[in-house]
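Have a look at the structure below before the remarks.
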Amino acid sequence: MTDARRATPESPPDGVKHSIPEDVLGILTGTFVASLGLFLLKSVGAVTGGTAGLALLVGYAVDIPFGVLFVLVNLPFFLLAIRRKGWDFTLRTGLCIVLVSAFSALHPLVFGELHLNTVYGVLAGNLLAGVGLLILFRHRSSVGGFGILALVLQDTLGWRAGYVQMVLDGCVVLLALTIVPVDTVLLSAGGAVLLNLVLALNHRPGRYTGH
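Below, the structure written as structure tokens:
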């Protein structure tokens, strides 16, 4: 007789811990995928939410590389990360920010200047960024900024990280109206919703047992 208590594919054992190689590959994959999404967004002159969106937005106004801006806008969130998420998470996040910045500098060298359909660029860019963030969240990492705040609120108040970030991202998209054409901003808003739906539907407390 089958032991009813035996773990099944539908009920994985609790507390499955990622190995170091799994974390390394997960962080590399997540940062690469997220940076590729941001590269597509930049190629069509669009924005998204979070500190990545802020860095893109500022980059359209000043001649400073995205990677540098991405590091700068994330600095204020590190104190929150240290106090509420611990040094392990903070150091992982710092590494992820550096990797996203490095990959963001690499993509233009490989692909050159892309000429994409704007709708495709916005939707594909946000979808890739969302998948990249999801991978990083599941390896106890993030790309800083609003992601840190969203995870803290999820841990302390039970608010889903995706929905929290959706609200904050909306504020960034509204700021884009000062620089980006209205039609591109509207597309960016839809793309930001898509990004956060990826997180909201797939990153729920208790759904994923890896850590």
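Each residue of the sequence shown is one higher than the one before, starting from 92 at the first, in the working numbering. Backbone N, C-alpha and C fix where the C-beta goes; we use that ideal spot for every residue, glycine too. Just so we're clear, the structure is a prediction, and the values are computed from it rather than from any experiment.
Comparing C-alpha positions only, which one of the options sits nearest to residue i?
i: L288; options: F180, L218 and L166; result: L218
i: G261; options: V276, L131 and L248; result: V276
i: F228; options: A172, L290, R175 and T139; result: L290
i: R78; options: Y254, P167, V201 and D246; result: The requested residue 78 does not occur in the structure, where the chain is confined to residues 92 to 302.
i: Y254; options: S232, D274, N293 and V234; result: N293
Could you check what DSSP says for residue i in three-state terms: helix, strand or coil?
i: R183; result: helix
i: W250; result: coil
i: G221; result: helix
i: T139; result: coil
i: G236; result: coil
i: H198; result: helix
i: I188; result: helix
i: G203; result: coil
i: L285; result: helix
i: S279; result: helix
Would you call residue i buried or exposed, if buried means 16 or more other Cβ atoms sit within 10 Å of its Cβ?
i: L160; result: buried
i: G177; result: exposed
i: F237; result: buried
i: L265; result: exposed
Is the Cβ of residue i closer than 8 Å to any Cβ of chain B?
i: N208; result: The chain labelled as chain B is not found in the depicted structure, where only one protein chain is given.
Could you check whether residue j and residue i sit closer than 8 Å to each other, using their CB atoms as the reference points?
i: A280; j: Q256; result: no
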